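For the sequence shown, the numbering used here gives the first residue as 322, with consecutive numbering after it. Virtual Cβ for every residue (Gly too), placed ideally from N, Cα, C. Keep in mind the model is a prediction, meaning the values are calculated, not measured. Reviewing the structure listed below.
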Amino acid sequence: MPSIHRPIVLLACLLFTCAGLTQTTATNTISRMTALINDPEIAEISGLATSRLHPDVIWVHNDSFDEPVLHALSTTGKRLANVTIAGVENIDWEDIAAFTLNGKSYLLIADTGDNGGIRQTLQLHIVREPEQLHDQTIHPQWSIRFRWPDGPRDCEAAKNESPLIC
322 MPSIHRPIVL LACLLFTCAG LTQTTATNTI SRMTALINDP EIAEISGLAT
372 SRLHPDVIWV HNDSFDEPVL HALSTTGKRL ANVTIAGVEN IDWEDIAAFT
422 LNGKSYLLIA DTGDNGGIRQ TLQLHIVREP EQLHDQTIHP QWSIRFRWPD
472 GPRDCEAAKN ESPLIC
């Protein structure tokens, strides 16, 4: 293709892509507020996952340098339980993902934040989702410590597909 046509083709692709996104967003988005979380213990929600065991329950956690605690909330915003994760730190918890493995429900906590680009290692903590909703302390089933092959970087999300993707 002649080099003069490349910018035109690129612009056309970009316009069609943006038009498609605009149409999808405009026609499929209906938002309504179902809860207002006004809890001093939950000051800065950084991750949210829907429970696999409990209908109408979401799991949340605070952002960096807070206690290593997951909060179970109703979909109306009421706190149902605090679950402390023993033996780990909340250096910069960024996200949480719920998944099922071999018929058991788990929560993956992504301690992967690194806004300053200085952390040499990051961690994923996997805990069994509590069957009972009450304040309790649990231990990780396992943790995965890793580093990015090309150096430190910030990772703000985790996804519950195989393989796990940030």
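For residue i, three-class secondary structure by DSSP
| i | result |
| --- | --- |
| N481 | coil |
| N349 | helix |
| R400 | strand |
| T433 | coil |
| W380 | strand |
| S367 | strand |
| I412 | coil |
| L428 | strand |
| T405 | strand |
Supposed close pair residue i, residue j - CB separation, criterion 8 Å
| i | j | result |
| --- | --- | --- |
| S367 | N383 | 6 Å |
| W380 | A370 | 5 Å |
| A478 | D416 | 5 Å |
Close-in-space but distant-in-sequence residues of the same chain around residue i (CB under 6 Å, 5 per side omitted)
| i | result |
| --- | --- |
| D435 | P473, D475 |
| A402 | A393, L454, H455, D456 |
| T405 | V390, T458 |
| I412 | D432 |
| V409 | P389, H446 |
First and last residue of the uninterrupted beta strand (DSSP E) at residue i
| i | result |
| --- | --- |
| Q444 | 443–449 |
| R466 | 463–467 |
| Q457 | 457–459 |
| I417 | 416–422 |
| V390 | 390–395 |
Same chain, Cβ closer than 7 Å to residue i, five either side skipped, listed in chain order
| i | result |
| --- | --- |
| M354 | none |
| P470 | none |
| G398 | A356, L357, I358 |
| F420 | Y427, L429, N481 |
| H375 | L454 |
| D377 | S395, T396 |
Cβ neighbour criterion (16 or more within 10 Å) applied to residue i
| i | result |
| --- | --- |
| L429 | buried |
| W463 | exposed |
Residues near residue i by beta carbon distance below 8 Å, same chain, minus five either side
| i | result |
| --- | --- |
| R400 | D360, E362, I363, H392, A393, L394 |
| F467 | T442, L443, Q444, L445 |
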